[in-house]
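Below is one structure, written out as structure tokens; comments come after it.
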Amino acid sequence: RNLSIRAVFNHAIGGDTNYFRTYFKEGNDPNIRYTLTEKELHKMRFKLVPQSNLLHAASISGCVSLLELLLDMGVRFEDVNADLQPAAVSIVENVTLSTVRLLGKRKEVIEFLRNYKEPLAGGNLLHRAIAQDRLNAFHFALDICSIEHEDTFGFTPLLLACVCKREVMIEELLSMGADFNKADKDGKLVFHYAALNNWQNVFRSEYPAKCYNAVDIDGDTPLTIAVQNNNSHLAKKMLDGGADATIVNRKGFSAIQSLINDPSRENGALFREERLKSLQKEIDEMFPAPGIMSERVLCRDISRGRERRPIICV
Numbered sequence: 007r008n009l010s011i012r013a014v015f016n017h018a019i020g021g022d023t024n025y026f027r028t029y030f031k032e033g034n035d036p037n038i039r040y041t042l043t044e045k046e047l048h049k050m051r052f053k054l055v056p057q058s059n060l061l062h063a064a065s066i067s068g069c070v071s072l073l074e075l076l077l078d079m080g081v082r083f084e085d086v087n088a089d090l091q092p093a094a095v096s097i098v099e100n101v102t103l104s105t106v107r108l109l110g111k112r113k114e115v116i117e118f119l120r121n122y123k124e125p126l127a128g129g130n131l132l133h134r135a136i137a138q139d140r141l142n143a144f145h146f147a148l149d150i151c152s153i154e155h156e157d158t159f160g161f162t163p164l165l166l167a168c169v170c171k172r173e174v175m176i177e178e179l180l181s182m183g184a185d186f187n188k189a190d191k192d193g194k195l196v197f198h199y200a201a202l203n204n205w206q207n208v209f210r211s212e213y214p215a216k217c218y219n220a221v222d223i224d225g226d227t228p229l230t231i232a233v234q235n236n237n238s239h240l241a242k243k244m245l246d247g248g249a250d251a252t253i254v255n256r257k258g259f260s261a262i263q264s265l266i267n268d269p270s271r272e273n274g275a276l277f278r279e280e281r282l283k284s285l286q287k288e289i290d291e292m293f294p295a296p297g298i299m300s301e302r303v304l305c306r307d308i309s310r311g312r313e314r315r316p317i318i319c320v
């Protein structure tokens, strides 16, 4: 019996549609499960998770004609294997354009996939595709799943893509209208992650300046993070978009203070040369000189920035 099961699943993995036409004509069970011993598992040509059904196996080959035949013959797409993965989800993981056309005809499968939630993390198909870095599956899920669904840990697909460093997926989610104001458990927005990883394409002119001024639990803005990681060209892009360089983090530093106090910072000289003139007025407003307006003011550079009490020149 086990030998025949192994043979049947090998044919399914290989995408042998003709074999299964004969298989079903002979009245065989469409919903057999992959239940081999550990010793027999090692003899299999392909690795298959125990308790998989024929759809799980056929999804490896991605043979559309076989998948269609199995669905027509009543193989259950909602059945899960030992990893709690439904057969329909296995199909999506190896999705192609032809598979998309097939699934598009199966409204019950699409509805199942639209409502699918991961048993442990609670994410939808988008979360799964992002975590596994499967771009085809991501594009498929983008058409049917909510881009604002939060998993058990509070991650939307956009935030998870940031954590997993999926820049292409991030850009596509933003273009689809994903909410860029949602923060993770550390208070970080997509812009904090973009600043950390120097993803310049994420920063677009249509985003309001307040996005660049959002603070995380450490009090850091995206601009501060960009400066700390030597991403000066990205920092200039944020300043041009209206980012505030004077917001102070919990360590007592702002972006402009970090630039002034650290001349060794990579690309810092170029950044200061272009931006310090425009920021001079802002700094002087922070530390106004006492006395009448006509008095000249001399401020010395000290180790932690400009002196708070300017010296009046007479």
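Residue numbers (this note's numbering): 7 to 320.
C-beta atoms are modelled at their ideal positions from N, C-alpha and C, and glycine is treated no differently.
Spatial distance of residue i from residue j (CA atoms)
{"i": "R139", "j": "D222", "result": "Note on residue identity: the sequence assigns Asp, not Arg, to residue 139. Going by the C-alpha atoms only, they are around 27 Å apart."}
{"i": "L265", "j": "F259", "result": "10 Å"}
{"i": "G110", "j": "I116", "result": "7 Å"}
{"i": "A232", "j": "D246", "result": "14 Å"}
{"i": "H239", "j": "P214", "result": "19 Å"}
{"i": "E114", "j": "A93", "result": "13 Å"}
{"i": "N187", "j": "T227", "result": "13 Å"}
{"i": "Q57", "j": "R256", "result": "52 Å"}
{"i": "S96", "j": "N130", "result": "14 Å"}
{"i": "N59", "j": "S71", "result": "17 Å"}
{"i": "Y25", "j": "H17", "result": "7 Å"}
{"i": "F15", "j": "F197", "result": "47 Å"}
{"i": "K31", "j": "L73", "result": "17 Å"}
{"i": "R82", "j": "H62", "result": "10 Å"}
{"i": "S211", "j": "L202", "result": "19 Å"}
{"i": "A251", "j": "T230", "result": "8 Å"}
{"i": "A241", "j": "F209", "result": "10 Å"}
{"i": "E124", "j": "G68", "result": "22 Å"}
{"i": "T28", "j": "H133", "result": "39 Å"}
{"i": "G80", "j": "E173", "result": "40 Å"}
{"i": "M182", "j": "S10", "result": "48 Å"}
{"i": "N321", "j": "T158", "result": "Nothing about residue 321 can be reported from this structure: the residues present for the chain run from 7 to 320 only."}
{"i": "F118", "j": "A189", "result": "29 Å"}
{"i": "V101", "j": "K216", "result": "39 Å"}
{"i": "Q234", "j": "A200", "result": "13 Å"}
{"i": "Y5", "j": "C170", "result": "Shown here, the chain extends from 7 to 320; a query on residue 5 therefore has no answer."}
Where residue i falls, given that 16 or more other Cβ within 10 Å makes a residue buried
{"i": "K194", "result": "buried"}
{"i": "D149", "result": "exposed"}
{"i": "T337", "result": "Given a span of 7 to 320 for the chain in the structure shown, any question on residue 337 remains unanswerable."}
{"i": "L90", "result": "exposed"}
{"i": "L141", "result": "exposed"}
{"i": "G21", "result": "buried"}
{"i": "D78", "result": "exposed"}
{"i": "A88", "result": "exposed"}
{"i": "R107", "result": "exposed"}
{"i": "S104", "result": "exposed"}
{"i": "P163", "result": "buried"}
{"i": "M244", "result": "buried"}
{"i": "N37", "result": "exposed"}
{"i": "L126", "result": "exposed"}
{"i": "S65", "result": "buried"}
{"i": "N237", "result": "buried"}
{"i": "A13", "result": "exposed"}
Reduced DSSP secondary structure (H/G/I, E/B, other) of residue i
{"i": "P36", "result": "coil"}
{"i": "I19", "result": "helix"}
{"i": "P163", "result": "helix"}
{"i": "F144", "result": "helix"}
{"i": "V233", "result": "helix"}
{"i": "I214", "result": "A small fix is needed here, since residue 214 is Pro in this sequence, not Ile. Correct three-state label for P214: coil."}
{"i": "V86", "result": "strand"}
{"i": "P92", "result": "strand"}
{"i": "G110", "result": "helix"}
{"i": "H155", "result": "coil"}
{"i": "V14", "result": "helix"}
{"i": "D149", "result": "helix"}
{"i": "I253", "result": "coil"}
{"i": "C69", "result": "coil"}
{"i": "A220", "result": "coil"}
{"i": "F197", "result": "helix"}
{"i": "Q263", "result": "helix"}
{"i": "M244", "result": "helix"}
{"i": "N122", "result": "Note that residue 122 is Tyr in the sequence shown here, rather than Asn. In this structure, Y122 counts as coil in the three-state DSSP scheme."}
{"i": "L131", "result": "helix"}
{"i": "N204", "result": "coil"}
{"i": "Q138", "result": "helix"}
{"i": "T227", "result": "coil"}
Cutoff 8 Å: residue i Cβ touching any chain B Cβ
{"i": "K171", "result": "Among the chains in the structure shown there is no chain B, since it carries only a single protein chain."}
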